[in-house]
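Residue numbers (the numbering used here): 13 to 515. To start, the structure under review is shown below, and the notes come after it.
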RNA sequence: GCCGCCUUAGCUCAGUUGGUUAGAGCGCUUGAUUGUGGAUCAAGAGGUCCCCCGUUCAAUCCGGGGAGGCGGUACCA
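In structure tokens:
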């Protein structure tokens, strides 16, 4: 009783949190990366490539931690010690590279790097487990000059990526002034590390949860709309007031531009002075922020805003922190407002190389989230990113294949994408194929044309335009206005002309 | 990780108060309009009703578990 053997068919599916990308999206990303790296190179940064894998112990200062075993990192299960993991950012590999090659590198060492990173986290909308980052860092240069350059660089890069200057803002703050705040609140004891972390986490949510939400988090705790409860930090009312007041140094939801930014920065620094001038860290932080913003070139002063609610990388950054935010309003397909938010971050991390070398090496850098920028650009320009397919040369007579290939070669020689139809279908199907490929033109040579020494060039874009006003099939077929016949020898020149006419 | 909602054709969704052949629109395939995309017309393909277990004479529908998706929240170097 031979039962039919069931053949195993794996389910064809992309792994959770990952995605396939094709055509237009890849081309758009490639162009954006090219423009970004041009800016980095113009500033003197050299390209660097490091492998996708690093030894796990090189990856981060939280890894492999006891209480959080490799959380968020894809690791190989292997006998090998210390084991390898996919990099989750480009900064840790940079620190490793600098430590490994320290003696031979020019100092300061300035490199940019674009590459894929992986994070083993729960995916969300616009949030994937594999994505591209584009970083620039200066290693071995102290504040504030290098920090000021990073602010300018950030603005230049985002502008180069295609976002208008009024549509984004580089926000800066400093970990030192937050430390100043902790001094002021008597939270600077060695035994209060955890409290400081919790307070910073709460502060980081200011833009999303607002004053009320943050007050709950700092106090008794907060219940979200699904009924889930987040434990609070249980600060005193007086301290909560102080933290909130600190966060509100910069007015939120107010689109500042140009000289307004300079005013806001001045007011902000004044306020910080009143609040924190009697603290050691606060003073140092204020001086540094003030100097950084002073050193930003006039041209970009309107794009660099001091904003104390910027927190970022809790245990990571030691000085300035940056964040690039999009400031324009966007709506999704259903007309609901969309929070576009941050398209990049960065800051000063003076402790990273120390993990490897034991010596303090000051470093500062930025990281641009390329996919976020791409998504944002789709909101800016309403028309979807689309690109033209190749010109398709139809095959009407199979024995003329060599001739068709010759036509394609002639077009390619002029720098025009062209391909000969390689399927097995009839005329109408071939045109349908060309249509689906988004081909601008189709090249037609059947026996009629061949005998006259001609080719027909059909303008598919114009044809689609004309068809809108035609209901009748006979008229649609007869009215061959969207095509011209030219001498065979003039093919390439004529195609070029038609494409140029359209722009 | 935690909380809530959802899962029926390639896509968007109907539907079955538990019953034999599960539907629509769009898309797709084929054909007609004698060598022209669109429109029109005709025909057709496509489903383990997310998966597993249970209740039942009978489960796409009820119960339990799991997976995936969406939203919120936590973490985010």
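Note that the Cβ used here is the ideal one computed from N, Cα and C, for glycine as well. Please read these numbers as outputs of a predicted model, since none were measured by experiment.
Measure the CB-CB distance between residue 430 and residue 402 and report whether it falls below 8 Å. Stepping through the first chain from its first residue, residue 430 is reached at position 418. Stepping through the first chain from its first residue, residue 402 is reached at position 390. Cβ distance < 8 Å, so residue 430 and residue 402 count as in contact.
CB of residue 361 within 8 Å of CB of residue 330, strictly: Residue numbering aside, residue 361 sits at position 349 when the first chain is read from its first letter. Residue numbering aside, residue 330 sits at position 318 when the first chain is read from its first letter. Yes, these two residues count as a Cβ contact at 8 Å.
So, is residue 103 buried or exposed, given that buried needs 16 or more other C-beta atoms within 10 angstroms? In the first chain, the residue the question calls residue 103 occupies position 91. By the neighbour-count rule (16 or more Cβ atoms within 10 Å), residue 103 is buried.
Between the Cα of residue 321 and those of 483, 220, 388 and 327, spot the shortest distance and give me the residue it belongs to. Here residue 321 refers to the residue found at position 309 when the first chain is read from its first residue. For the residues 483, 220, 388 and 327, the minimum Cα distance to residue 321 belongs to 220.
Member of 392, 461 and 184 whose CA lies at the smallest distance from the CA of residue 174: Position 162 of the first chain, counting from 1, holds the residue named residue 174. Nearest of 392, 461 and 184 to residue 174, Cα basis: 392.
Which two residues bound the contiguous alpha helix (DSSP H) that contains residue 57? Residue mapping note: residue 57 aligns to position 45 of the first chain, counting from 1. First-last for residue 57: undefined, no H or E at that position.
Taking the alpha carbon of residue 399 as the reference point, which residue from 405, 473 and 424 has its own alpha carbon closest? By one-based count along the first chain, residue 399 stands at place 387. Among 405, 473 and 424, the Cα nearest to that of residue 399 belongs to 473.
Residue interval of the alpha helix (DSSP H) (run including residue 499): Along the first chain, read from residue 1 onward, the residue named residue 499 stands at position 487. Counting along the chain, residue 499 falls outside any alpha helix (DSSP H), though it belongs to the beta strand (DSSP E) covering 495-499.
Residue 206: which of 99, 247 and 441 sits nearest, CA to CA? Numbered from its first residue, the first chain carries residue 206 at position 194. Closest option to residue 206, Cα to Cα, is 247.
How many Å lie between residue 255 and residue 215 at the Cα? What you label residue 255 is simply residue 243 of the first chain in a count that begins at 1. What you label residue 215 is simply residue 203 of the first chain in a count that begins at 1. So the alpha carbons of these two residues sit roughly 8 Å apart.
Would DSSP call residue 155 helix, strand or coil? On the first chain, residue 155 is found 143 positions in, with the first residue counted as 1. In this structure, residue 155 counts as coil in the three-state DSSP scheme.
May I ask which residues mark the beginning and end of the beta strand (DSSP E) holding residue 183? Position 171 of the first chain, counting from 1, holds the residue named residue 183. Start and end: 180-186.
So, at 8 Å on beta carbons, what are the nonlocal neighbours of residue 507 in its own chain, with the 5 sequence-adjacent residues on each side left out? Numbered from 1 along the first chain, position 495 holds the residue referred to as residue 507. Closer than 8 Å at the Cβ level, and outside the excluded window around residue 507, lie 403, 423, 426, 428, 453, 455 and 469.
Secondary structure, alpha helix (DSSP H): runs of 4+ residues fully inside the segment 277-323: 292-307
Just mark residue 521 as buried or exposed, buried being the case when its beta carbon has 16 or more other beta carbons within 10 Å. Any answer about residue 521 is impossible in this case: the structure gives the chain only from 13 up to 515.
For a test of the three-state rule: what should DSSP assign to residue 74, helix, strand or coil? Taking the first chain and counting its residues from 1, the one referred to as residue 74 is at position 62. With a pLDDT of only 49 at residue 74, under 50, the local geometry of the prediction cannot be trusted, and the value read off the model is given with reservation. Looking at residue 74 - three-state DSSP - the assignment turns out to be coil, as it is neither helix nor strand.
Tell me, please, whether the segment 138-158 touches the segment 269-289 by the rule of three or more beta-carbon pairs shorter than 8 Å. no
The segment 360-374 contacting the segment 410-422, beta-carbon criterion three pairs below 8 Å: no
Rounded to the nearest angstrom, how far is the Cβ of residue 358 from that of residue 378, given a contact under 8 Å? Taking the first residue of the first chain as position 1, residue 358 is located at position 346. Taking the first residue of the first chain as position 1, residue 378 is located at position 366. Right, their Cβ atoms sit about 3 Å apart.
Enumerate in chain order the residues of its own chain whose CB-to-CB distance from residue 114 is below 7 Å, with the five nearest sequence positions on each side excluded. Residue numbering aside, residue 114 sits at position 102 when the first chain is read from its first letter. 369, listed in sequence order.
Using the C-alpha atoms, what's the distance from residue 100 back to residue 31? Counted from its first residue, the first chain places residue 31 at position 19. Counted from its first residue, the first chain places residue 100 at position 88. Their backbone Cα atoms lie some 17 Å apart in a straight line.
For residue 376, three-class secondary structure by DSSP: If you number the first chain from 1, residue 376 lands on position 364. In the structure shown, residue 376 sits in a strand (DSSP, three-state: E or B).
Taking its Cβ as the centre, do 16 or more other Cβ atoms sit within 10 Å of residue 58, making it buried, or is it exposed? On the first chain, residue 58 is found 46 positions in, with the first residue counted as 1. Residue 58 is exposed by the Cβ-count criterion.
Counted within 10 angstroms of its Cβ, other Cβ atoms place residue 17 as buried (16 or more) or exposed: One-based indexing of the first chain puts residue 17 at position 5. The pLDDT assigned to residue 17 is 39, lower than 50, so where the model puts this residue is not dependable; a value taken from the coordinates is nonetheless given after this. Exposed, because fewer than 16 other Cβ atoms sit within 10 Å of the Cβ of residue 17.
In this structure, how does DSSP classify residue 479 when only helix, strand and coil are distinguished? Taking the first residue of the first chain as 1, we reach residue 479 at position 467. DSSP places residue 479 in helix when its eight states are reduced to three.
Beta-carbon proximity check, residue 311 vs residue 185, cutoff 8 Å: Numbered from 1 along the first chain, position 299 holds the residue referred to as residue 311. Numbered from 1 along the first chain, position 173 holds the residue referred to as residue 185. No, Cβ-Cβ distance for residue 311 and residue 185 is not below 8 Å.
Going straight from the alpha carbon of residue 245 to that of residue 233, what length do you get? Position 233 of the first chain, counting from 1, holds the residue named residue 245. Position 221 of the first chain, counting from 1, holds the residue named residue 233. Distance between the alpha carbons of residue 245 and residue 233: 7 Å.
Would you list the one or two residues that DSSP bridges to residue 126? Here residue 126 refers to the residue found at position 114 when the first chain is read from its first residue. Paired residue(s): 146.
Contact check, residue 500 vs residue 466 under 8 Å by CB: the rounded distance? Numbered from its first residue, the first chain carries residue 500 at position 488. Numbered from its first residue, the first chain carries residue 466 at position 454. Sure, about 6 Å apart at Cβ, within 8 Å.
Look at the alpha carbon of residue 299 and the alpha carbon of residue 45, and state the distance between them as a whole number of angstroms. Indexing the first chain from 1 puts residue 299 at position 287. Indexing the first chain from 1 puts residue 45 at position 33. Answer to the nearest angstrom: the Cα atoms are 35 Å apart.
Taking the alpha-carbon of residue 188 as reference, which of 196, 181 and 182 has the nearest alpha-carbon? Counted from its first residue, the first chain places residue 188 at position 176. With distances taken between Cα atoms, residue 188 lies closest to 196.
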